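Peer 1: So that you can map any letter, position 150 of the sequence shown is 149 in numbering that gives the first Met the number 0, and since no number is skipped, the others follow by simple counting.
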Amino acid sequence: MLRIMEKLIKVAVNDSKLVFRDSSLRLFFIFPILNLFVVRYGFPFVVETFPVLEGYVNVLLMSATMQGALIIGFIYSMVLVDEKDTNVAKVYGILPISQFWFVVFRLIVPFLFAAFSCAAILIVEPFYRLSLVASILYSVLCGLTAPMMVLFVAINSKNKIEAMTWQKLTNIPISLPLLAFFVPATYTFLFAILPAFWAYQAFDQMITDGSYLLFLSVGYAFSLAVLIILARKFSRSHFS
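Next up, the structure:
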């Protein structure tokens, strides 16, 4: 068992090495860093210049906290799509380990990167003072978006060109729930079929001292269920 764990960790680490060796993918890590500067200095400047935007700061921050997950998800989905395109996935498929857990371990690194990116945004943003516990719980939930995106893109793409197209399409279900804050309350829960909805609603409750734990709980359950379904589908198709 210990030997299997070591192999899984080694593969997960190797994925990160592949990312940092590829200059085209490595470049994308600049964007989460730039995002920090935009939130810390750009947002206050824009709100001060255009006071009408002050009422939309919460939505702007929700979008910003998800950007890291989107970027990390794109980067690691390219790794999986590339190994499918080059038939490396078939080599992984003959390893004497559970393919499902093989997939899970490979998703840990992008999840951690995405969660850390979200947490960094919450640390530097100057508008709200959120509790440490709430910030961590929200960041972890946002972090789950990255592995969902990785699997979804990798499942539906045969090559990197298709992956880039699917990556753009995945922005829609992640951004769409933001519209819930611009429609009458009656229609808000029409967006509840999308996992990101629960994260955004939790954040809104966090900044208004509301019952954010309820939304987080549903968000965690929903996201993990989607991840399990995607991981099982991916493990059945990717290695064959």
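Using N, Cα and C, we set each Cβ at its ideal position, and we do this for glycine too. Note that the structure is predicted; figures quoted are calculated from it, not measured.
For Glu124, does the three-state DSSP call read helix, strand or coil?
Peer 2: The residue given as residue 124 occupies position 125 in the sequence shown. If DSSP states are grouped into helix, strand and coil, Glu124 belongs with coil.
Peer 1: Which residue marks the beginning of the alpha helix (DSSP H) containing Thr48, and which one marks its end?
Peer 2: The sequence position of residue 48 within the sequence shown is 49, counting from 1. Unbroken alpha helix (DSSP H) run through Thr48: 42-48.
Peer 1: Tell whether a beta-carbon distance below 9 Å holds between Thr207 and Ile120.
Peer 2: Counting from 1 along the sequence shown, the entry for residue 207 is found at position 208. Counting from 1 along the sequence shown, the entry for residue 120 is found at position 121. For Thr207 and Ile120, no; Cβs fall outside 9 Å.
Peer 1: Whose C-beta lies closer than 7 Å to the C-beta of Ile173 among residues of the same chain, with five residues either side of it excluded?
Peer 2: In the sequence shown, the residue the question calls residue 173 occupies position 174. For Ile173, where only same-chain residues beyond five positions count, the Cβ hits under 7 Å are Met65, Leu69, Thr144, Ala195.
Peer 1: Do three or more CB pairs link the region 161-177 to the region 123-134 at distances below 8 Å?
Peer 2: no
Peer 1: Can you give the Cα-Cα distance for Met163 and Val225, rounded to whole angstroms?
Peer 2: Within the sequence shown, the letter at position 164 stands for residue 163. Within the sequence shown, the letter at position 226 stands for residue 225. Roughly 21 Å between the two C-alpha positions.
Peer 1: Which residues in the same chain have their Cβ closer than 7 Å to the Cβ of Ser138, if we skip the five residues on either side of it in sequence?
Peer 2: As a position in the sequence shown, residue 138 is number 139, starting the count at 1. Result list for Ser138: Ala114, Cys117, Ala118, Leu121, in chain order.
Peer 1: Considering only residues of the same chain and omitting the five flanking positions on each side of Phe112, which have a CB-CB separation below 6 Å?
Peer 2: Walking along the sequence shown from the start, residue 112 turns up at place 113. Here the set comprises Ile71.
Peer 1: Using beta-carbon positions only, say whether Ser76 and Ser156 come within less than 9 Å of one another.
Peer 2: What you label residue 76 is simply residue 77 of the sequence shown in a count that begins at 1. What you label residue 156 is simply residue 157 of the sequence shown in a count that begins at 1. Yes, the Cβ-Cβ distance between Ser76 and Ser156 is below 9 Å.
Peer 1: Could you say which of Ala153, Phe126, Gln200, Leu193 lies nearest to Phe44 if we only look at CA atoms?
Peer 2: Start at 1 with the first residue of the sequence shown, and residue 44 comes out as number 45. Comparing Cα-Cα distances from Phe44 to each of Ala153, Phe126, Gln200, Leu193, the minimum goes to Phe126.
Peer 1: Measuring only the C-alpha atoms, how far is Ile228 from Thr48?
Peer 2: As a first step, residue 228 must be located in the sequence shown, where it is residue number 229. As a first step, residue 48 must be located in the sequence shown, where it is residue number 49. Going by the C-alpha atoms only, they are around 46 Å apart.
Peer 1: When the Cα atoms are used, what is the spatial distance from Phe28 to Phe181?
Peer 2: Residue mapping note: residue 28 aligns to position 29 of the sequence shown, counting from 1. Residue mapping note: residue 181 aligns to position 182 of the sequence shown, counting from 1. For Phe28 and Phe181, the distance between alpha carbons rounds to 32 Å.
Peer 1: Specify the secondary structure class of Val78 as computed by DSSP and reduced to three states.
Peer 2: Taking the sequence shown and counting its residues from 1, the one referred to as residue 78 is at position 79. Looking at Val78 - three-state DSSP - the assignment turns out to be helix.
Peer 1: Kindly list the residues whose CB is nearer than 7 Å to the CB of Leu175, restricted to its own chain and excluding five residues on each side of it in sequence; keep chain order.
Peer 2: Taking the first residue of the sequence shown as position 1, residue 175 is located at position 176. Result list for Leu175: Phe190, Leu193, in chain order.
Peer 1: Let me know if Tyr186 comes out buried or exposed under the rule of 16 or more other beta-carbons within 10 Å of its beta-carbon.
Peer 2: To locate residue 186, count along the sequence shown from 1; it is residue 187. It counts as exposed.
Peer 1: Within its chain, find whatever has a CB closer than 7 Å to the CB of Leu150; leave out the 5 residues flanking it on each side and keep chain order.
Peer 2: Sequence index remark: in the sequence shown, residue 150 carries index 151 (1-based). Same-chain partners within the cutoff: Leu229, Ala230, Phe233.
Peer 1: Suppose you measure from the CA of Gly54 to the CA of Gln200; what does that come to, to the nearest Å?
Peer 2: Reading the sequence shown from its first residue, position 55 is the one you call residue 54. Reading the sequence shown from its first residue, position 201 is the one you call residue 200. About 16 Å.
Peer 1: Which whole runs of the alpha helix (DSSP H) in the region 188-234 are 4 residues long or more, in chain order?
Peer 2: At a cut-off of 4 residues, the continuous stretches assigned as alpha helix (DSSP H) that sit fully inside the region 188-234 are 194-206.
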